[in-house]
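Enquirer: Note that the protein sequences, when read in sequence, are chains A and B.
The opening residue of the first sequence carries number 1 in this note's numbering; numbering runs sequentially from there.
The opening residue of the second sequence carries number 1001 in this note's numbering; numbering runs sequentially from there.
We put the beta carbon where it would ideally sit given N, CA and C, even for glycine.
2 protein chains.
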Amino acid sequence: MKSKTQSVFFFAANKSEGSASMVNLLGGKGANLSEMCNLGIPVPPGFTISTDVSTYYYKHKNQYPKDLEAEVLKNLQRVEDEMGKTFGDPKDPLLFSVRSGARVSMPGMMDTVLNLGLNEKIVEGLAELTNNPRFAWDSYRRFVQMYGDVVLGLKPINKNDVDPFEEIIDKRKHNRHIELDTELDVEDLKFLVKEFKRVIKARTDNDFPEDPMVQLWGAIGAVFGSWMNQRAKKYRDINGISHEWGTAVNVQAMVYGNMGNDSATGVAFTRNPSTGENRFFGEYLVNAQGEDVVAGVRTPQPINRNGKKKLDDYSLESLMQKQYKQLKNIRKILEEHYRDMQDIEFTIERENVWMLQTRRGKRTVAAALRIAVEMHEEGMLTKEEALLRVDPEQLDYLLHPTFDPNATLNVIATGLPASPGAATGRVVFNADEAEEKAANGKDVILVRIETSPEDIGGMNAAKGILTSRGGMTSHAAVVARGMGKCCVAGCEEIFVVYSARQFVIGDKSINEGDWISLNGSTGEVILGKAPTIEPEVSGNFNKLLEWADAIKRLEIRTNADTPEDAKKAIEFGAKGIGLCRTEHMFFQEDRLTAMREMIMADNPLWRRSALAKLLPMQTEDFIGLFEAMDGYPVTIRTLDPPLHEFLPSRLELMVKLLDLKLNLKGINDLSEMDNVLKEIRINEDLLSKAESLNEFNPMLGKRGCRLGIMYPELTEMQAKAIFEAACRCKHNGIAVRPEIMVPLITSKEELVHQKEIIDRVARDTMDKHGIELDYMVGTMIELPRAALMAGDIAQVADFFSFGTNDLTQTTLGLSRDDAGKFLPFYIEKGIYKNEPFQKLDQDGVGRLVKIAVNEGREAKENIKLGICGEHGGEPSSIEFFHKIGLEYVSCSPYRVPIARLAAAQAVLKERAENQKKVNPKKDALIKV
Amino acid sequence: MKSKTQSVFFFAANKSEGSASMVNLLGGKGANLSEMCNLGIPVPPGFTISTDVSTYYYKHKNQYPKDLEAEVLKNLQRVEDEMGKTFGDPKDPLLFSVRSGARVSMPGMMDTVLNLGLNEKIVEGLAELTNNPRFAWDSYRRFVQMYGDVVLGLKPINKNDVDPFEEIIDKRKHNRHIELDTELDVEDLKFLVKEFKRVIKARTDNDFPEDPMVQLWGAIGAVFGSWMNQRAKKYRDINGISHEWGTAVNVQAMVYGNMGNDSATGVAFTRNPSTGENRFFGEYLVNAQGEDVVAGVRTPQPINRNGKKKLDDYSLESLMQKQYKQLKNIRKILEEHYRDMQDIEFTIERENVWMLQTRRGKRTVAAALRIAVEMHEEGMLTKEEALLRVDPEQLDYLLHPTFDPNATLNVIATGLPASPGAATGRVVFNADEAEEKAANGKDVILVRIETSPEDIGGMNAAKGILTSRGGMTSHAAVVARGMGKCCVAGCEEIFVVYSARQFVIGDKSINEGDWISLNGSTGEVILGKAPTIEPEVSGNFNKLLEWADAIKRLEIRTNADTPEDAKKAIEFGAKGIGLCRTEHMFFQEDRLTAMREMIMADNPLWRRSALAKLLPMQTEDFIGLFEAMDGYPVTIRTLDPPLHEFLPSRLELMVKLLDLKLNLKGINDLSEMDNVLKEIRINEDLLSKAESLNEFNPMLGKRGCRLGIMYPELTEMQAKAIFEAACRCKHNGIAVRPEIMVPLITSKEELVHQKEIIDRVARDTMDKHGIELDYMVGTMIELPRAALMAGDIAQVADFFSFGTNDLTQTTLGLSRDDAGKFLPFYIEKGIYKNEPFQKLDQDGVGRLVKIAVNEGREAKENIKLGICGEHGGEPSSIEFFHKIGLEYVSCSPYRVPIARLAAAQAVLKERAENQKKVNPKKDALIKV
């Protein structure tokens, strides 16, 4: 046990004072170095100065605790004893690396100093000892440079400014007519060291410290200081890491992989990080230092025969059999100990294997999936643990084609990654043309300023969709995700000029017919045809999701408007439709005509006659859905969007009218003239209707149940179609469970009004067919008032389905179609932590949902509760919905697998939390 | 005390079983008849069958309680004893009136039967007794007709159908070549009775009942039945009267004012109902029945000399001095007893005065005000009681000119009564023209489809504003109310055609320059010049409001953007500005130019340079406001509306560009060509900016603090102007209390961001001037999330001001600019009880306000809380704001008096409620 005031923790094989559980105190690197020592793995000895010192340091104006110096000296001695070398001894000098190591990895953010302990005298000793003056002087040159940059602060803050040391090196190389650093000889290196020291003296007014102990304290101070440098602070802000945590400092004996052909250095993963295959995987270089593996001067070699890409590759497995075997053994120890795939660094110094690092290995989602499943099958993990090892959000990547990672791409702009996938095609600017060209077998990308429901045919026909406006839940984004279609939305960098049939980015213009590619997972817009790889769903995918199903409590439904969508969702494991948007059914040519007739009608009689034309079509739509869902519940929402969405836009009509009128002059034929005049009249009528339906804020306008209340015949027709379809299906032996959902309710009275119509039509239709149906009538809770009045509304609702998209829009006063203009800025500035249309705003919107859940249940115990907003497919939101006790989430078909896994993880996380509550002490012990 | 089963309550002078406090049981009429008897006032004796019987009757399928018959008979006997006449005795017959009487007056909704107790034999006795066969037969004719209509159901349900009795009368008159009913002689009347009975027999298959007792039970049943007739039910639905209450039936001895020149009948008010003057006021007719006063055949005469309009009017005061004195005495008794102005009916039968009715008199607001104040001064009412006697909402009428009530108006359409007042002027369709014509001394009415901030100059110049779109809180309505300008908004009946410079209503078209008049209190649009009366604010007005100020707890502030508005509001008693909308300051020509420059700027530098031009102007604006408010707090909101509001509309720009381009052809001069090309380029730039700023839902778009966060230089400029102005004012000895308010906050982080700028600028400016200022920084709570996060936000806010307009829009998902399309329908159908932009939705929006108040105070005890939405001037909402503990309400200047009175009433109502809680039994006693 550590004493209360212990600030420095020693580590060496089997002699460590720390362990992996002490990550908060020792940082990730330090804790894992200790842990490896505890496991008997060879690690160059050293010591870790704890993060508490860092905290103390900042709280006391860069002062150290008073006992620190003594502790450091004591531990330095221990390292000397372990290594049999002495710090500052020119004959057999002990050199150190000094590295930062925070609780969480912050790659490249903080500073490191290597080869510490050299000076003019010791470098000569080292040259003699190693019989390698160039090695010694190069080490010294690197040390002075690193120390000058990091500790003495000569590294320019602005990336674009030139490092003074690099400037000196460049000048020397230029004078000597050489190109590579490796071409510098001992004389060059000595010259450089001299020059470095001169510039340091000039800039800092101090000589470069020759005393190794002064060097050491300087480096320790610099590492602590680097915790608060600008880029580290920014990195923490972005990644939500507390500034309070502080960093540890690891002072470790240097070992060298470049001491000859019996030395080497390498990095490896305990399993393949791309595929997850259970095979040791890595690269190494003989007679090299860590930096050389990265520098790309020599090509690293595979560590085992299996990794060989070319016949003349030579593997560590063949070349250093004993060391390879030793590493394989370490790999086994580490995996069994950490029960996860590890990312390791090693150095072989004169045949001795030294481990320098181990940490959790980063991996692709395919690898994560395979590793989790196989580790369970190997007995290393329980099913529950395996389930927690895969990020649900990432499953998305497995379901869509991806670009070949080896291809070089010409990225010309980046928008929002609205719907994942990779798409390539020729640019078109118009939905009709997209359909036409796709029908002719051409791959097209539909490029629009924004999309509207009329574009659906074209969106479906296109390989991908690119819009210059709108957010992650804009029309384009939502529809594309529903279709599983690649989409980059709100790409504000591009400027679409419909009239010129081109779009412009800076000084580039891309014309209709040009090839572009879209990466829906990153938001990248790529010029030309980027090569893609098709996705492959492995057996592990289904295996893991079946485990998830056995654990999750939430039911997963899908948002689907067509039998095709519904079937796709069932394939992915959906157990019902949580949202069928009936309006999408009205956009096909023949239906749109009847719909417009309905809208143009001036009285209920005409409206009814137009609706009568839609009735048989809607009935067929629902039959298709019921058949596809075969007994699973189908939630059908009555008409929701404002009616003007079914008319051409005012602008469109005005332009058309202008065209028609300008044409009049050139017409000589009387009957042709009559035709044009008639067309003018029709368009003028449409324009006048569009004018009268035009709204300032359509989102808050005459839509949702407001339509069905003003035009009861509309609800009547839809109810008729639903029950007619249900009766016919039931007659044919298909089980049906219709749930009719009324949108945009704000009061009980509205639902009473609509439910009366629905129940009456249901009764009539069932009587007509002599069939009884189980059906439900419920409501969307998608406006703050509905949530606040839930107790009242529940009295007449069989179910609530939370429409968190609109609830987010109204609760935050945020139009999802317009938010693209400022929301990214808000997130960048940290004013909002998350994009609220992606991750549910749990504090605001979530509180309203909780109010409605509690008060709805209080009023009606068995009320069914679900959610059908976009958040239904987002893991952190799903966890929230699980916690507050919803019964189902509904999401687009391609997100069903994500929801299944996330729902299972929600259960597991809840169990862990409950465990914590039951036994808080146990947890506290683990944490220390 | 009544026994538990007593159903019938006798009344006669000093012998009543009921009283005024038994209104629920006896109905208004019955209770007051009993009360008058208790006061010793002569009332024809009678009895009241209680509302409990009505309830019993409906619950038991139109059956009466078993003891009812005996009770009725017993009381009938008592009436006979009192009158010394006998029911059914041909020699000296007692006749009855049978009248309904519910708890609340439902004028004309239910049925009445007069002269009940006549038959073929008794009518002859009556003729003999009165020596007036025509009186007797006319009474009988009326009875048979009324009984046939009401009890036997011959009255047509559809108003447009002809009453069979009237048909018979008309035929008779036609045959006899006479025009008036009074010309019918005894023979005619006998003929009519015979014909009436014939048609009754034919239609009902029954003879007309000759037995007076059968007649009586028939009439009682009919009155009970009339409670449930269609129009009564509808009336109750509209007026929120419970169907459960039921009606009482009053059976009362008939008295006759038409028995000769010693008889008379009249109606009177104890004070003048128009002016409130404390003088007996009424009309009467000698030798006439109640109906004759209404029928208009003879002109009613004033009851006292003071009421004489013409020299030859003869007053009751002169003609029947004794009876007049008796009535004056009754008047005194009633007023002192009821402590309110009464509306009475009386009949003088052969010199005997009989009172038939007393009830609270309806009155104009001017009268209400005067009566309340004078009754206090007369010692009849406490100040508190006087305050409760005036409907605050109605004070509005006193502050605006009104149309001469005697003028005949040609009302051509009706819109929403958006801002009260009466305005007359010539139609203009364009704000600039309105200003131009007004500058030339012309009265104009600005007619627009809708108004926008650019129209403000024209709105100010116009006498009134008429819009065809938008609700009670549309731009036009809000701005007009702020200006105290008459406005009729959302008049959907009219169709505005800008291009034709006319608007159309049905087949009428009204052209530019035509005269129209607007009644902003009723929403009426009147063709031509309607004559108006200027308002006069009496001393009573200020007296009452001073009493109110002494009692109210809420502080009343005003929403004012100009020194003129601010001064007006102070005149009306405002104690500060609760909302200054700075954007209104940017619409003057020179400012708009700088504002557009700012918007067109592509980077912060250019933006700053444009803002620098606005700074001195804004500073002057604020100096004006601070000077006007002289030490009262001034709440200034930073820029709120989306920037595109400051640009011409896209449509406008497109049309202009089209025009310019079509013009190009005709130009031959090169420099002219250059000018036009330049203008084209400017407009193209504007159009492209307007396109890029265009939003789907501007209400939920880039506005409010989102502007100040994206363009901090904007907030900076405004803060500079505020503090610069404040420092200069303080330097000149003017007290200043600036409160800076950040709009559209959803999270603490946004306020932190803006407050940092404001505090910094404040510090710099105060340092520059060497002056310290007390100022506050707070936020609007106008989005649901802000209310839900109030505990968080309060940590950094000095005050909250609830923006209930926007909070209503978002909580209900209701755009106030678009709601006109369905909200009236919702209210008509009873789906919403009130227009939520007029009366606060207490259940939904109010709940959010309560959450914010509670959690805000919990986080910061001394946080200042107020409200600046339109609801701040609406009495029921003010009562709510008082109850939940806000500190102030802010409303448009013209509503300040309303708010003052409503705030005092809120205190008084609260006191009464607390009293009830302390002593519930006392209250229960009063209620029974």
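According to the Cβ coordinates, are B:Ser1315 and B:Pro1300 closer than 7 Å?
Expert: no
Enquirer: Considering A:Leu285, what are the terminal residues of the beta strand (DSSP E) in which it resides?
Expert: 281 to 286
Enquirer: Give me the residue from B:Tyr1147, B:Ile1157, B:Lys1197 with the minimum Cα distance to B:Ile1168.
Expert: B:Lys1197
Enquirer: Measuring alpha carbon to alpha carbon, tell me which of A:Phe696, A:Lys442, A:Leu180 ends up nearest A:Ala423.
Expert: For A:Ala423, the closest of A:Phe696, A:Lys442, A:Leu180 by C-alpha to C-alpha distance is A:Lys442.
Enquirer: Per DSSP, what kind of secondary structure is B:Asn1329 in: helix, strand or coil?
Expert: Looking at B:Asn1329 - three-state DSSP - the assignment turns out to be helix.
Enquirer: Could you tell me whether any Cβ in chain B is nearer than 7 Å to the Cβ of A:Gly813?
Expert: yes
Enquirer: Does chain A have any CB closer than 7 Å to the CB of B:Asp1759?
Expert: For B:Asp1759, the answer is no, since every Cβ of chain A falls outside 7 Å of its Cβ.
Enquirer: Could you tell me which whole alpha helix (DSSP H) segments of length 4 or greater appear in the segment 1677 to 1765 of chain B?
Expert: 1705 to 1710, 1712 to 1731
Enquirer: If the cut is a Cβ gap below 9 Å, which residues of chain B does A:Met259 touch?
Expert: By Cβ distance, chain B contributes nothing, its closest Cβ being about 55 Å from A:Met259, past 9 Å.
Enquirer: Work out the CA separation of B:Glu1858 and A:Tyr56 for me, nearest whole Å.
Expert: 35 Å
Enquirer: Around the C-beta of B:Ser1226, are 16 or more other C-beta atoms found within 10 angstroms, so that it is buried, or is it exposed?
Expert: buried
Enquirer: For A:Pro405, which option in A:Val53, A:Ser274, A:Met213, A:Val390 has the closest C-alpha, if you only look at C-alpha atoms?
Expert: A:Ser274
Enquirer: Is it buried or exposed for A:Glu828, if we count other Cβ within 10 angstroms and need 16 for buried?
Expert: Per the 10 Å Cβ criterion, exposed.
Enquirer: In terms of residues, what are the limits of the beta strand (DSSP E) holding A:Gln502?
Expert: A:Gln502 -> beta strand (DSSP E) spans 502 to 505.
Enquirer: Provide the residue(s) that pair with A:Ala422 in DSSP beta bridges, ordered along the chain.
Expert: A:Asn519
Enquirer: On the DSSP bridge assignment, give the partners of A:Ile49 in chain order.
Expert: A:Val8, A:Val249
Enquirer: Is there contact here, the segment 640 to 660 of chain A with the segment 621 to 630 of chain A, by at least three beta-carbon pairs under 8 Å?
Expert: Because the criterion of three Cβ pairs below 8 Å is not met, the segment 640 to 660 of chain A and the segment 621 to 630 of chain A do not touch.
Enquirer: Using a Cβ cut-off of 8 Å, pull out every chain B residue sitting near A:Tyr711, in sequence order please.
Expert: Here the premise fails: no neighbours, minimum Cβ distance about 11 Å.
Enquirer: Give a yes or no on whether 7 Å exceeds the smallest Cβ distance from A:Leu788 to chain B.
Expert: Judged by the 7 Å Cβ criterion, A:Leu788 is in contact with chain B.
Enquirer: Along the beta strand (DSSP E) that carries B:Val1809, what are the first and last residues, could you check?
Expert: The question names Val, yet the displayed sequence has Gln at residue 1809 of chain B. Unbroken run through B:Gln1809 is the alpha helix (DSSP H), 1804 to 1812; no beta strand (DSSP E).
Enquirer: If you draw a straight line from the C-alpha of B:Tyr1397 to the C-alpha of B:Cys1487, how long is it?
Expert: 14 Å
Enquirer: Identify, in the order they occur along the chain, each residue of the same chain with its Cβ nearer than 7 Å to the Cβ of A:Ala601, setting aside the five sequence neighbours on each side.
Expert: So the list reads Arg607, Ala610, once near-sequence residues are dropped.
Enquirer: At a CB distance below 8 Å, what residues from the segment 224 to 257 of chain A approach chain B? Give them in sequence order.
Expert: From the segment 224 to 257 of chain A, no residue has a Cβ closer than 8 Å to chain B.
Enquirer: Looking at the C-beta of B:Arg1847, does it have a partner C-beta in chain A at a distance below 7 Å?
Expert: yes
Enquirer: So, at 6 Å on beta carbons, what are the nonlocal neighbours of A:Glu913 in its own chain, with the 5 sequence-adjacent residues on each side left out?
Expert: none
Enquirer: Report the residue from A:Leu114, A:Tyr888, A:Phe503 whose alpha carbon sits nearest the alpha carbon of A:Glu555.
Expert: For the residues A:Leu114, A:Tyr888, A:Phe503, the minimum Cα distance to A:Glu555 belongs to A:Tyr888.
Enquirer: Terminal residues of the continuous beta strand (DSSP E) containing A:Arg581?
Expert: Note, A:Arg581: beta strand (DSSP E), 577 to 581.
Enquirer: Can you tell me which of A:Leu395, A:Ser877, A:Thr811, A:Glu349 puts its alpha carbon nearest to the alpha carbon of A:Leu840?
Expert: A:Ser877
Enquirer: Can you find the residues in the same chain that come closer than 7 Å, C-beta to C-beta, to B:Glu1069, ignoring five residues on each side of it along the sequence?
Expert: A distance below 7 Å between beta-carbons, with the five flanking residues on each side excluded, links B:Glu1069 to no residue of its chain.
Enquirer: Quick one: does B:Thr1204 have its CB under 7 Å from some CB of chain A?
Expert: no
Enquirer: Since A:Ala102 is in the beta strand (DSSP E), which residue starts that stretch and which ends it?
Expert: 96 to 102
Enquirer: Would B:Pro1738 pass as a contact of B:Ala1719 if the rule is Cβ separation under 7 Å?
Expert: Contact check for B:Pro1738 against B:Ala1719 fails: the beta carbons are separated by 7 Å or more.
Enquirer: So, using beta-carbon positions, are B:Ile1533 and B:Asn1410 closer together than 7 Å?
Expert: no
Enquirer: By DSSP, does A:Arg596 sit in helix, in strand, or in coil?
Expert: helix
Enquirer: Out of B:Cys1580, B:Ala1288, B:Asn1278, state which residue places its alpha-carbon closest to the alpha-carbon of B:Asn1306.
Expert: B:Asn1278
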